[in-house]
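Engineer:
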Amino acid sequence: MSTNTPEIRTAKPGQYLTFVLNSQLYGVPIGTVREINRLSEITPVPKTPSFVAGVMNLRGKVIPVVNLRSKLGFERTNNTKETCIIVIETVVGQVGMIVDSVRGVIELFTNQIEPTPNLGNSAETEFVLGMGKLENTVIILIDIVKALSNNQLAELGTLPERNAA
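Numbering that gives the first Met the number 0 applies: residue 0 is where the sequence shown begins, and numbers increase by one.
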């Protein structure tokens, strides 16, 4: 049974942590999230990519922090009291992601999830898993780990070592 249609990426039903970035609602599978923290002191690390905010001390462990706004190509804004860091688990360990605000955990069922529409260069948007529908709101469902390339993840994995010197 072969088809000539391209593979359609679709998010799976389940629980998603929702957050706001650039006035848009996003969702990430709850299984990738380790914890959510208020914005705390971030130490900049020289000669890192522009989307890397630096490193932070998370209960004695130094982890890299990414400004998700910058990583996804949005303009940087000032942090507010709602700005949070979502800590995720990756192949190189924990990574913090700065987001504008966290909304909460929602449950999405199969009938509430649409496949990813054609968004142009699929290599650059492969982290978009699908579109969630909650009443009149569209939630962009993403694989937050895939938003970082393997090279970027490897580079982030060396940040705590560079900063420890």
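C-beta: ideal position from N, C-alpha, C; glycine also. Keep in mind the model is a prediction, meaning the values are calculated, not measured.
#1: Reducing DSSP to helix, strand and coil, say where Arg68 ends up.
#2: Residues bridged to Ser39 by DSSP?
#3: Taking all protein chains shown into account, decide if Asn66 is buried (16 or more other Cβ within 10 angstroms of its Cβ) or exposed.
#4: What number of angstroms, rounded off, separates the C-alpha of Thr124 from the C-alpha of Ile87?
#5: Straight-line CA distance for Gly129 to Ala146?
#6: Cα-Cα, which of Asn36, Glu40, Gln14, Ile141 is closest to Ser100?
#7: Hey, quick one: how far does the beta strand (DSSP E) through Gln23 stretch, first residue to last?
#8: Shortest alpha-carbon distance to Cys83 belongs to which of Lys11, Leu155, Leu16, Ala10?
#9: Between Gln93 and Thr136, what straight-line distance do the alpha-carbon atoms span, to the nearest angstrom?
#10: Determine whether the beta carbon atoms of Pro12 and Leu107 lie at a separation below 7 angstroms.
#11: Use the C-beta contact count for Pro28: other C-beta atoms within 10 angstroms, 16 or more gives buried, fewer gives exposed.
#12: Return the chain-ordered ranges of every beta strand (DSSP E) run that is complete within the region 55-137 and spans a minimum of 3 residues.
#13: Distance check for Glu74 and Lys80, CA to CA, integer angstroms please.
#14: What would DSSP say about Leu147, mapped onto helix, strand or coil?
#15: DSSP three-state call for Thr17: helix, strand or coil?
Structural biologist: On the basis of the supplied data:
#1: In this structure, DSSP gives Arg68 a helical state, which the three-state scheme calls helix.
#2: By DSSP's assignment, Ser39 forms no beta bridge with any residue.
#3: With 16 or more other Cβ atoms within 10 Å, it is buried.
#4: Going by the C-alpha atoms only, they are around 19 angstroms apart.
#5: Our two residues, Gly129 and Ala146, have alpha carbons roughly 14 angstroms apart in a direct line.
#6: Taking only the C-alpha atoms, the option nearest Ser100 is Asn36.
#7: Annotation: the continuous beta strand (DSSP E) that includes Gln23 extends over 23-28.
#8: Residue Leu16 is the option with its Cα nearest to Cys83.
#9: Gln93 and Thr136: Cα-Cα distance of roughly 30 angstroms.
#10: Yes, the pair counts as a contact, with Cβ atoms nearer than the cut-off.
#11: By the neighbour-count definition (other C-beta atoms within 10 Å, threshold 16), Pro28 is a buried residue.
#12: For the region 55-137, whole beta strand (DSSP E) runs of length 3 or above, ordered along the chain, are 60-66, 83-89, 92-98, 100-107, 127-133.
#13: Roughly 18 angstroms separates the two Cα atoms.
#14: Correct three-state label for Leu147: coil.
#15: Strand at Thr17.
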